[in-house]
Amino acid sequence: MTKKQFKQFLLMGRGECYLLAKDNHNEYKDIILWACTHKIFYDTYNDDYNASYLYQFIKLYDQNEFYNRIVTCYKKTKYGEKFNYLSWLLICFYQDGKKEARELLMDNFLKIYYLIAKNKSDANSLSSFDELATILAYDKKSYLGLEIIIDSLRKHDKNFSIDKYETITKRKYLKIKENEIVNSKIVTEEEIIDLFNKYQKEKKAIYLQKILYGNYKLDVSKIIDVSELIFDINEVENDALYYIFQLFYTIKNNKVKKWARQNINDNNFQALLPIIIRNYKDEDENLILHYLRKYHYSFYNEDDNHLAIETICKQKKIAKSIIYYAYNHCYCSFCRINLFLLMKKRNILLEDMKKAHKYDALEEIKKNNL
671 MTKKQFKQFL LMGRGECYLL AKDNHNEYKD IILWACTHKI FYDTYNDDYN
721 ASYLYQFIKL YDQNEFYNRI VTCYKKTKYG EKFNYLSWLL ICFYQDGKKE
771 ARELLMDNFL KIYYLIAKNK SDANSLSSFD ELATILAYDK KSYLGLEIII
821 DSLRKHDKNF SIDKYETITK RKYLKIKENE IVNSKIVTEE EIIDLFNKYQ
871 KEKKAIYLQK ILYGNYKLDV SKIIDVSELI FDINEVENDA LYYIFQLFYT
921 IKNNKVKKWA RQNINDNNFQ ALLPIIIRNY KDEDENLILH YLRKYHYSFY
971 NEDDNHLAIE TICKQKKIAK SIIYYAYNHC YCSFCRINLF LLMKKRNILL
1021 EDMKKAHKYD ALEEIKKNNL
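Every letter in the sequence shown is one number past the one before it in my numbering, and letter 100, counting from 1, is 770.
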């Protein structure tokens, strides 16, 4: 694996990187050092911003070198996501015996406390206060002290709240109340038909929007002939186009799929490929792979390919070549888990994958890797 590929897989949270670093300490050390002071989490699916994932790499080396680099960076970093990530790394060191790491965390916790008490905090400092409270709350002795500090802020401002901390402490020390599920107004079949007829006459996007909402409760494709929404791709207003595509993404319809295949090209494949994937048949394998290779896969922006990969996750019988390609180019934690579960269910996990999954950043992948 090249260093570029190693870094790409590290940013995905893949366990293959750990196995490589374990056997080739010096070759990848510079990338691990880089990761200590740079964001390596695509999303915040993991509470700890993938810090424990990186820490397993750090333990392969002289930990003091990494610790000193992290501390130097931490002292210069402004409150916010990067600061939060470094805070989680420091608690890993504390749990491994570096007592001074906890002192550094508590020092920053108190600094932000005084900012809040003096009404000088902002969104970033509140976010970091929440993270520090969450991190320190994992130690029950600290939790009791934190409650005193946080209660003083609640007295100062009755609306004061730090959501992540309160969620995590309820999990650890209090009973969790079940979430209330609020159902929106149910759209009837008659309303769907009426909205569809109105759109056919007036071509107003608002009718499509309401049909799309109705599709969350009902299977609209069984009520109306969705294929009647097929259009000349250049002759529909953008608002209506958006809702038509959103509806097409959710249904299986041979006419719609045939239309998408006939119209897909390098300019519109991001919109049409998910429709073809949703209606997958064996004949579509090469076409799908062709357009998957045209996406730009980046740790810093995956928005353009996310819908296609998310749709692949939902196809139980799609070609394994497509699943493997999506898995090897996917940064989104939610999609990585679903692709993993799909491969496991179909018994197509490769042996190398199984070995690597033991060291993956995602707990759902590690614990289900049996």
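Positions of the beta carbon are idealized from the N, C-alpha and C atoms, including for glycine.
Below 8 Å, enough C-beta pairs join the region 738-755 and the region 786-798 to call them touching: three or more.
In the three-state reduction of the DSSP assignment, serine 791 falls in the coil class, being assigned neither a helical nor a strand state.
For asparagine 971, the three-state secondary structure derived from DSSP is strand.
Counting only the Cα atoms, valine 890 lies some 11 Å from glutamate 860. Here arginine 1006 is buried: its Cβ has 16 or more other Cβ atoms, across all protein chains shown, within 10 Å.
Shortest Cα-Cα distance from glutamate 1034 to any of Leu1011, Lys1024 and Trp929 involves Leu1011.
For cysteine 743, the enclosing alpha helix (DSSP H) has its first and last residue at 733-746. Here tyrosine 712 is near leucine 681, since their CB atoms are less than 8 Å apart.
Taking cysteine 983 as the centre and dropping the five residues before and after it, the same chain places the C-beta of Cys1005, Asn1008, Leu1009 and Leu1012 closer than 7 Å to its C-beta, in chain order. For leucine 724, the enclosing alpha helix (DSSP H) starts and ends at 721-728. Assigned with DSSP and collapsed to three states, isoleucine 702 falls in helix.
Looking at the backbone, the Cα of histidine 999 and that of asparagine 867 are separated by about 42 Å. Three or more Cβ pairs drawn from the region 943-950 and the region 974-993 lie within less than 8 Å of each other, which places the two stretches in contact. Rounded to the nearest whole angstrom, the C-alpha separation of glutamine 940 and tyrosine 912 is 13 Å.
In this structure, serine 991 sits near leucine 959, with a CB-CB distance shorter than 8 Å. Excluding five sequence positions before and after phenylalanine 727, the CB atoms of its chain that fall closer than 8 Å to its own CB belong to Cys687, Tyr688, Ala691, Ile702 and Ala705, given in chain order. Here phenylalanine 1010 carries a helix assignment [DSSP, helix/strand/coil]. Fewer than three pairs of CB atoms, one per stretch, sit closer than 8 Å, so the region 923-930 makes no contact with the region 964-972. Shown here for serine 897: same chain residues with a beta carbon closer than 6 Å to its own, the five before and five after excluded, namely Asn923, Lys925 and Val926 in chain order. For glycine 750, there is no enclosing alpha helix (DSSP H), since its DSSP letter is neither H nor E.
By the Cβ-count criterion, leucine 1020 is exposed, with fewer than 16 other Cβ atoms from all chains shown falling within 10 Å of its own Cβ.
Beyond the five residues adjoining it in sequence on each side, leucine 957 comes within less than 6 Å, by CB distance, of no other residue in the same chain. In the DSSP annotation of this structure, lysine 768 is not part of any alpha helix (DSSP H), being labelled neither H nor E. With contact defined as three or more Cβ pairs closer than 8 Å, the region 799-807 and the region 763-783 are in contact. With a cutoff of 8 Å on beta-carbon distance, arginine 684 and alanine 1026 are scored as near each other. Membership of lysine 964 in any alpha helix (DSSP H) is not indicated, and neither H nor E is assigned to it by DSSP. Threonine 714 and tyrosine 1001 have their alpha carbons spaced roughly 12 Å apart.
Ranked by how close their Cα comes to the Cα of isoleucine 894, the residues Asp717, Thr858, Glu770 and Asn694 have Thr858 in first place. Nearest to lysine 1014 by C-alpha distance, out of Ser1003, Tyr1029 and Tyr994, is Tyr994.
When the alpha-carbon of histidine 708 is set against those of Asp732, Tyr698, Met671 and Asn754, the nearest one is in Asn754. If the five residues before and after aspartate 909 are omitted, its C-beta is found closer than 7 Å to the C-beta atoms of Ala875, all from its own chain and listed in chain order. Taking a contact as a CB-CB distance under 8 Å, the pair isoleucine 914 and leucine 878 counts as one, their CB atoms being some 6 Å apart.
Between aspartate 693 and the set Leu730, Gln678, Asp777 and Ala721, the nearest pair of CA atoms involves Leu730.
The Cβ neighbour count for glutamine 678, taken over all protein chains shown within 10 Å, is at least 16; the residue is labelled buried. In the three-state scheme derived from DSSP, where H, G and I count as helix and E and B as strand, histidine 695 is classed as helix.
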